[in-house]
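Numbering-wise, full-length UniProt numbering puts 123 at position 123 of the sequence shown, and it's gapless, one number per residue.
Don't be surprised by glycine CBs; every beta carbon is placed ideally from N, CA and C.
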Amino acid sequence: LTTRMPLTICPSWKIPLTSRTIVFSVCTASASWNANWAVDCCTPTSWSTGTASCGQLVHHSGRRSAILVFVLSGRLWFCFRMNFFFFFALLLFQLQCPSTDDGREHVIRYPLDFNMCKFSRHVASNSFYYSQESRLMRLVDEIPLDKRRIQCLVNIDPLVPENITVCPGNEKLFAFVADRNVHVSTGAVPVTLEHSSSRQGWSYGLPPYIIREEFNRHEGFWWSPTSNGNEYFLLVEGYNDKMLPSIVLSDCTMSPDKFECLRYAFAGGPNPKWCVKVYSVIFKYRPSFPDVEVWERNFPERLIKLVPWAEYLVNAGWLPDGSAIWLKVMDRLQRRVAVICIPLEWFLPSDCSDNSDVCKADAQKHLIFLYTEESDTWIPNHFGIKFLTPVVPDTVRFIWCSWKTDYRHLYLVESRRTTASVGQNFNTSTLDITPTVLSEKQLTFGQWDVFSDMQVSVDEKRSLIYFLGFADNPLESHLYATSYICPTTKPIRISTLGSFYGNTDEGNPFGFSNDYTLLAVFRSNFVTPGECVIYALKFETFFSNDVKYVLPSAASCLVISVAPYPAMNNVCPLPPPGRLLHESIWSRFTSEVLPPQLLQCEGPDGGYQLQCMLFTPSDVAVATPCPTILFVYGGPCAQMVRNCWPTFLCLPLFMKMGYVVLVVDGRGSAYRGKQLEIAISGRMGCVEIEDQVHALRHVASQNTCIDMKRVVVMGWSYGGYLAINALAKHPNLFKIAISGAPVVDWHLYDSAYTERYMGMPEEHEDSYDKASLLNSINLLPDEPNRLLLMHGLKDQNVHFKHTALLIEAMISAGKPYQLKVFPNERHGLRRASAIEHLSATILHFLQENL
1 LTTRMPLTIC
11 PSWKIPLTSR
21 TIVFSVCTAS
31 ASWNANWAVD
41 CCTPTSWSTG
51 TASCGQLVHH
61 SGRRSAILVF
71 VLSGRLWFCF
81 RMNFFFFFAL
91 LLFQLQCPST
101 DDGREHVIRY
111 PLDFNMCKFS
121 RHVASNSFYY
131 SQESRLMRLV
141 DEIPLDKRRI
151 QCLVNIDPLV
161 PENITVCPGN
171 EKLFAFVADR
181 NVHVSTGAVP
191 VTLEHSSSRQ
201 GWSYGLPPYI
211 IREEFNRHEG
221 FWWSPTSNGN
231 EYFLLVEGYN
241 DKMLPSIVLS
251 DCTMSPDKFE
261 CLRYAFAGGP
271 NPKWCVKVYS
281 VIFKYRPSFP
291 DVEVWERNFP
301 ERLIKLVPWA
311 EYLVNAGWLP
321 DGSAIWLKVM
331 DRLQRRVAVI
341 CIPLEWFLPS
351 DCSDNSDVCK
361 ADAQKHLIFL
371 YTEESDTWIP
381 NHFGIKFLTP
391 VVPDTVRFIW
401 CSWKTDYRHL
411 YLVESRRTTA
421 SVGQNFNTST
431 LDITPTVLSE
441 KQLTFGQWDV
451 FSDMQVSVDE
461 KRSLIYFLGF
471 ADNPLESHLY
481 ATSYICPTTK
491 PIRISTLGSF
501 YGNTDEGNPF
511 GFSNDYTLLA
521 VFRSNFVTPG
531 ECVIYALKFE
541 TFFSNDVKYV
551 LPSAASCLVI
561 SVAPYPAMNN
571 VCPLPPPGRL
581 LHESIWSRFT
591 SEVLPPQLLQ
601 CEGPDGGYQL
611 QCMLFTPSDV
621 AVATPCPTIL
631 FVYGGPCAQM
641 VRNCWPTFLC
651 LPLFMKMGYV
661 VLVVDGRGSA
671 YRGKQLEIAI
681 SGRMGCVEIE
691 DQVHALRHVA
701 SQNTCIDMKR
711 VVVMGWSYGG
721 YLAINALAKH
731 PNLFKIAISG
741 APVVDWHLYD
751 SAYTERYMGM
761 PEEHEDSYDK
771 ASLLNSINLL
781 PDEPNRLLLM
791 HGLKDQNVHF
801 KHTALLIEAM
811 ISAGKPYQLK
821 VFPNERHGLR
831 RASAIEHLSA
841 TILHFLQENL
């Protein structure tokens, strides 16, 4: 891990005086870290410096600018104030610094479960809310410095709060999740919204595992953007998974009372049930402290009864004016999607009984279907939905993403808020779900994809939408903008060619100032680990057919990047225990990794191109044949070949040891059109390897550095599945297969992922059988040391049962194998010692057997 981190900007880039440039550097040494910066490049007299011990909050301010630096969740964060706009900067580094515990409130420890860690910002009060172990904390940043304060709002020990979220209309009111319930508080004793003990099997405030894993949503409650006086509204998701089978996760050293039990939705089996509720949160200010009361509001009928095909609640939220909630739902096979709107007044107070016909009549017996879409293949999930302020009463406008034209593109949809009649009998009627779509305008065009895994941002004042896409290069995601009132215009690229933009680990890849004149985005490429770029935008007015519209461009930009370390020529041995590294071993290795060659070749079936990356050691002659690793993933809707900082397993070590590494994107890979992606529909494990083998042979025919007699196929998860598949189908081509956490039988994987691509097992049993590795055991080689299996015993995604079944079948067939087990690791190895041991195991296995 990097513990010396100088940060610099390119001096040729400048920001206008009115934008207040911030320049700073950060480094760590021993158990402390220092921060130095200039807050105004144009006024050097305002420069200030400061130091702080590890974990402390540091704040320095210039004339009209300020910076806040702090460590939270094991990560170093920077906050900038530009023209009094407080911008929460992108994640730059991850630290492993010893935390102190002297009772000071400003010491922020690292939570154990980083997956659900969340910050919440209240714009008006310039406050940040976060959790620190069992405490909920609030940071209020103000100028001058002596007004800045941090306070502990409430301690709920022994519970651990998750997803703390402040109410947009009241900075004293916040909600969080703990013990499978949503709680609201003002700093006093939290009020619990639901009690799981009274509703057996139900959890509230967090989505079920299947939604988090396969639809990438981690929020389960949403504050309304508006209020009714001192009455605020909270939309809460609930789910019940008691009908799902339980999976026990254990490292085999735990006592039975400490086993982890996970409810898991298998392909073809039951899925969790879901519901939504609305709560009225009444804020009452008392002389000593504010207090809250909570009232439950229910829709007169269960939504799943009215829309029985809605298997998954993919996303939810509020319309901009807070008058209604919206739900995005999909059917089980994900061939059908709908956006449903329910006005707030149709959620009736709990004292109005669900069984009352009067209450059901008061709800007007209606739902509002804003949009529906159906397809003969799966419909990709996207984060491109964004609701806008309506321009006509009783209408709803929103941005939508669809690949109905064979490429993912954005649309502006305007629908009437008319209701879908449910007939005379509210309980048993069938909904007419046909929406009244007034208009649907396509906003982006061409044979390229919008990066739909990332959210879009809308500047309604200028009628602009900002998004990431692949319009200029299928290997580079860039930041674009277009006007949604003049959609025929070509999107304007704001970013610079030569990098991949957007933090792919976060759904929100860029941030704006409140007036949309400053933009921050993360980028990297093959030779740059990562940079935060802050653009100052300028705007130009155009006319088209008497329509006036505005388009942005980058006036200037500020780049915050990791400066190269001056002495990276030789690899040094690891220091003794307790000594901190002054720069990372990773950075030293990667300094000797050449950028890969980007290659293309036509697929074996023709009509499409295979994208390839070829990494070669820097100290090896071009004509020298080297042992070669075909690093595979190959899973659907993934992209491995892209111009971003490579994070493949052990890549710098492979380069240093003289290996060539080839990475290929073939059929099934994402963001090169619908037809290439759906080629694996119902055929997982059947077409991917043929593309990989075809590309390997083509690249080898053009590059003499590949030794075809020493080829290794290696991958993790879906890549581990393909690695075994490749060794079984091409034992004479691949000398060794290294497989990590492989899916062996698709019956045993989760429902949403498997059924999306393979259909229901009872309807496609033949396809499931062809895709199972258990039916290819006899094709594996009989020689020893040709297959290395690796798996974590506490893998919550691909359970160790997969590898156990594979081993049992190999024993029965007399097939040799090597096994490496990680008792306390999950699907992705987390501990540094485990990752180091994994790297050493792989390299030793290759050196001994290749």
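Taking 8 angstroms as the cut-off, the Cβ atoms of S544 and C486 count as close.
About 18 angstroms separates the beta carbons of H747 and Q796, which is beyond the 8 angstroms limit, so they are not a contact pair. Between D453 and F383, the CB-CB gap stays under 8 angstroms. Per DSSP, the beta bridge partners of H791 are V821. Excluding residues up to 5 positions away in sequence, E414 lie with their Cβ nearer than 6 angstroms to the Cβ of S439 in the same chain. With respect to F221, E231 sits apart: the two C-beta atoms are not nearer than 8 angstroms. Sixteen is the threshold: since fewer than 16 other Cβ atoms of the shown chains lie within 10 Å of the Cβ of K404, the residue is exposed. Within the model, the alpha-carbon separation for N155 versus M137 is close to 9 angstroms.
Take the alpha-carbon of Y718 and the one of R462: they are about 44 angstroms apart. For the pair A316 and V278, the CB atoms are not nearer than the 8 angstroms cut-off. Beta-bridge analysis with DSSP links N315 to K328.
A direct Cα-to-Cα measurement between T253 and F347 gives close to 50 angstroms. One Cα belongs to D605, the other to L173, and the distance between them is close to 60 angstroms.
Where S772 is concerned, there is no enclosing beta strand (DSSP E), because DSSP gives it neither an H nor an E.
Around R336, the same chain offers W309, M330 and E374 as residues with beta carbons nearer than 7 angstroms, after the five sequence neighbours per side are excluded.
By the beta-carbon neighbour count (other beta carbons within 10 angstroms, threshold 16), T434 is exposed. Its Cα nearest to that of D291, the residue F283 stands out among M243, F283 and T418. The alpha-carbon of T541 is positioned some 59 angstroms away from that of E260.
DSSP, reduced to helix, strand and coil, places H844 within a helical segment of the structure shown. Look at the beta carbons and you see the region 239-254 touching the region 197-213: at least three pairs across the two are nearer than 8 angstroms. The beta strand (DSSP E) runs of length 3 or more contained entirely in the region 121-180 are, from start to end of the chain, 127-132, 135-140, 149-155, 162-167 and 170-178.
Membership of H799 in any alpha helix (DSSP H) is not indicated, and neither H nor E is assigned to it by DSSP. Remark: C-beta atoms of L850 and V712 approach each other more closely than 8 angstroms. For the pair S524 and W645, the CB atoms are nearer than the 8 angstroms cut-off. Following the DSSP letters along the chain, one finds H478 inside the beta strand (DSSP E) bounded by residues H478 to S483. Going by DSSP, S751 is part of the alpha helix (DSSP H) stretching over S751 to M758. In this structure, F510 sits near V521, with a CB-CB distance shorter than 8 angstroms. Checking the DSSP bridge columns, you'll see G511 partnered with A520. Under the three-state reduction of DSSP output, Q600 falls in the strand class. Pairing V458 with I399 gives a Cβ-Cβ distance under 8 angstroms. One alpha carbon belongs to G469, the other to S751, and they sit about 29 angstroms apart. Around the CB of Y285, fewer than 16 other CB atoms lie within 10 Å, so the residue is classed as exposed. Under the three-state reduction of DSSP, L727 is assigned to helix. Uninterrupted alpha helix (DSSP H) stretches at least 4 residues long and entirely within the region 625-690 occur at 651-656 and 674-677, given in chain order. For Y209, no beta strand (DSSP E) segment is defined; the enclosing uninterrupted segment is the alpha helix (DSSP H) at Y209 to E214. Distances from the alpha-carbon of N775 to those of I706, V189 and M810 put M810 closest.
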